[in-house]
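FYI, our numbering numbers position 107 of the sequence shown as 107, with every residue one higher than the one before it.
Ideal Cβ positions, reconstructed from N, Cα and C, are used throughout, including at glycine.
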Amino acid sequence: MESVNTSQKSYTKLIWVLSIAIPVVVAILLFTPEKIQGAGDWVYMLPHLNATFNSITTVVLLLGLYFIKQKNIKAHKSMMSIAFILGSLFLVSYVTYHSTADSTVYGDINGNGILDEAEKSKSLTFWRGFYISILLPHIVLAAVVVPFVLFAFYYALTDKIEKHKKIVKWTFPIWLFVSITGVVVYFMISPYYLN
């Protein structure tokens with residue numbers, strides 16, 4: 001029994017370490033002015049790939065909900081496993097992109113990374129405000145959802161179904177919101193990508 005408790009504590013500790021490390025690493029990559037050089041132009045395809053990951057994740061999450069409502073646990077597990085894999089691939093792709101390429105600024109028509117007065121007047125203030133109003137909760141909730149997702153999977157894999165059910169009441173809507181808003185953010189910023 002003691003080894004089970006030790007194992008559970010180890011997994012819990014690992015989940016919390018990852019839950020803190022992932023947002024910290026992403027924040028460092030976003031705000032570090034120096035990017036890793038020499039990756040090549042292929043990295044500019046990653047935002048498009050990330051939008052694809054988010055789009056498929058949205059569909060898979062909804063299918064996962066559908067299957068659990070139908071009591072089809074096997075199909076539900078498959079969908080949620082696919083969503084987890086897609087989320088992991090998204091994270092790797094996102095980190096790769098932001099460690100090698102400068103972030104795109106909404107409304108930056110000439111792609112110099114600075115939104116000057118002329119560009120501000122050309123980009124509608126309403127749409128920029130709308131973009132930011134979606135981007136900020138997307139970013140915050142993307143960080144917040146990490147421990148929820150990890151614990152939800154841990155509880156499912158260890159057959160702690162009651163704990164799994166309790167945590168997914170919060171995890172599912174946050175994860176779905178993050179995946180949907182990721183696609184919306186992509187479509188709004190994509191006209192300003194240079195490549």
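Open item on the list: Classify residue 171: buried if its beta carbon has 16 or more other beta carbons within 10 angstroms, exposed otherwise.
Closed with: Sequence index remark: in the sequence shown, residue 171 carries index 171 (1-based). Here residue 171 is buried. Its C-beta has 16 or more other C-beta atoms within 10 Å.
Open item on the list: For the region 84-99 against the region 17-34, do three or more pairs of beta-carbon atoms, one drawn from each stretch, fall closer than 8 Å, so that the two count as touching?
Closed with: Yes, they touch.
- [ ] Kindly list the residues whose CB is nearer than 8 Å to the CB of residue 105, restricted to its own chain and excluding five residues on each side of it in sequence; keep chain order.
- [x] The count along the sequence shown starts at 1 and reaches residue 105 at position 105. Hits under 8 Å: 113, 114, 115, 192.
Task: Under the three-state DSSP convention, the category residue 35 falls into - done: Stepping through the sequence shown from its first residue, residue 35 is reached at position 35. Three-state result, residue 35: coil.
TODO: With a cut-off of 8 Å on the beta carbons, I'd call residue 140 and residue 152 a contact; round off their distance for me.
DONE: As a working mapping, residue 140 is identified with position 140 in the sequence shown. As a working mapping, residue 152 is identified with position 152 in the sequence shown. Actually they are not in contact, since the Cβ atoms of residue 140 and residue 152 sit about 19 Å apart, beyond 8 Å.
TODO: Rank 33, 131, 49 by C-alpha distance to the C-alpha of residue 188 and give the top, closest one.
DONE: Here residue 188 corresponds to residue number 188 of the sequence shown, with the count starting at 1. It is 131 whose Cα lies nearest to the Cα of residue 188.
Open item on the list: Assuming residue 183 and residue 58 are in contact, meaning their beta carbons sit under 8 Å apart, how far apart are those beta carbons, in whole angstroms?
Closed with: Numbered from its first residue, the sequence shown carries residue 183 at position 183. Numbered from its first residue, the sequence shown carries residue 58 at position 58. Yes, residue 183 and residue 58 are in contact; Cβ-Cβ is about 7 Å, under 8 Å.
Task: Residue interval of the alpha helix (DSSP H) (run including residue 74) - done: Translated into the one-based positions of the sequence shown, residue 74 becomes position 74. Run containing residue 74: 73-100, per the alpha helix (DSSP H) assignment.
Open item on the list: Suppose the cutoff is 6 Å on Cβ atoms and the five residues either side in sequence are ignored; what does the same chain contact list for residue 49 look like?
Closed with: Taking the sequence shown and counting its residues from 1, one reaches residue 49 at position 49. Taken in chain order, the residues that qualify are 93.
TODO: Give the single residue among 157, 148, 185, 161 whose Cα lies nearest to the Cα of residue 175.
DONE: Your numbering for residue 175 matches position 175 in the sequence shown. Cα-wise, what sits closest to residue 175 is 148.
Task: Own chain, CB closer than 7 Å to residue 35, minus 5 neighbours either side, in chain order - done: As a working note, residue 35 is residue 35 in the sequence shown. Contacts found: 99, 100, 101, 102.
Task: Under 7 Å between C-beta atoms of residue 15 and residue 157 - done: The count along the sequence shown starts at 1 and reaches residue 15 at position 15. The count along the sequence shown starts at 1 and reaches residue 157 at position 157. Not a contact, by the Cβ cut-off of 7 Å.
- [ ] Can you check the region 90-174 for any alpha helix (DSSP H) of at least 4 residues that lies completely inside it and give the ranges in chain order?
- [x] 117-122, 125-157
TODO: Would you please state the rounded distance, in angstroms, between the beta carbons of residue 185 and residue 142? I believe it to be under 8 Å.
DONE: Locating residue 185 in the sequence shown gives position 185, where the first residue counts as 1. Locating residue 142 in the sequence shown gives position 142, where the first residue counts as 1. Actually they do not touch by this definition, with Cβ atoms about 10 Å apart.
Open item on the list: Once DSSP output is grouped into helix, strand and coil, what is the label at residue 64?
Closed with: Numbered from its first residue, the sequence shown carries residue 64 at position 64. Three-state result, residue 64: helix.
Open item on the list: Between residue 84 and residue 53, how many whole angstroms is the CB-CB distance? I'm expecting something under 8 Å.
Closed with: Translated into positions along the sequence shown, residue 84 becomes position 84. Translated into positions along the sequence shown, residue 53 becomes position 53. About 12 Å separates the two Cβ atoms, so there is no contact after all.
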